[in-house]
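Numbering (our numbering), first residue to last: 8 to 256.
Following: one structure in structure tokens, then a few remarks.
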């Protein structure tokens, strides 16, 4: 079950990869890098790996395609449309209604080629690298877990967990964006409750300096289990500290 919870397969990106491969048969991007990335999608397995430039390319192409489709209606405010953007893009590229095709393009294949060109241009600008090898997904999607007081300087170093490469996308079972992800992993095993898994992203203590402030992070980050003892015997075996709360006199 933990393998399911850490699955980084991204269905919307797989859909877009199929659309780009089909479109490239009739309308190729002008940029050679976009052409090469689309060609490489033939061997992509749908896993949003942190080292994959293909995932970065697909994510950027998705954003570019939405911008090209919506600009005739929303101008420069296309970023304001987010809530149904994934469903909208998939339905539009599946049905390909003429009313949504911008006048600048003769077909949706041409629009996808233009989106691919725009995507590599944006990736080059954001990464400050013209080389595809510099566009790994981790460059754009590393994990930042900020303490409210730890956004800058020394406090950031001591209080926050930042810059951690991670696999997955917003659409994976293991939802993974820079500041968004699963807040807890829980797997119950009714056959043996002592083998149930429970862990949180950082630790159970919110007190900086505590040994439990971030002691669960590595297991959460690496997709490893922490078993939660349930029976009295398992609890007694696992107990290291006991906290007693007593009424005041």
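A virtual CB, placed ideally from N, CA and C, is assigned to each residue, including glycine.
Item                                                                                                                                                                     : Value
By Cβ distance, which residues of its chain are closer than 6 Å to residue 151, with the 5 residues on each side in sequence left out?                                   : 169, 185 and 186
Work out the CA separation of residue 95 and residue 118 for me, nearest whole Å.                                                                                        : 15 Å
Considering residue 45, what are the terminal residues of the beta strand (DSSP E) in which it resides?                                                                  : Where residue 45 is concerned, there is no enclosing beta strand (DSSP E), although the alpha helix (DSSP H) it sits in stretches over 39-47.
DSSP puts residue 206 in a beta bridge; with which residues?                                                                                                             : 192
Per DSSP, what are the beta-bridge partners of residue 187 in this structure?                                                                                            : 184
Rounding to the nearest angstrom, what Cα-Cα distance links residue 43 and residue 147 in this structure?                                                                : 20 Å
Please list, in chain order, all residues of the same chain as residue 219 whose beta carbon is under 6 Å from its beta carbon, the five residues on each side excluded. : 210, 211 and 212
Of all the options 135, 188 and 25, which has the alpha carbon lying nearest to the alpha carbon of residue 149?                                                         : 188
Do residue 204 and residue 241 have their beta-carbon atoms positioned less than 8 Å apart in this structure?                                                            : no
If you measure between the beta carbons of residue 111 and residue 41, is that distance less than 8 Å?                                                                   : no
Between which two residues does the alpha helix (DSSP H) harbouring residue 101 extend?                                                                                  : 92-102
Residue 167: which of 71, 250, 174 and 221 sits nearest, CA to CA?                                                                                                       : 221
Just curious, the beta strand (DSSP E) that residue 169 is in, first and last residue?                                                                                   : 168-171
Roughly how many whole angstroms lie between the Cα atoms of residue 29 and residue 63?                                                                                  : 19 Å
Can you give the beta carbon distance from residue 68 to residue 9, rounded, assuming they're within the 8 Å contact cut?                                                : The pair is not a contact, with the Cβ atoms about 32 Å apart (cut-off 8 Å).
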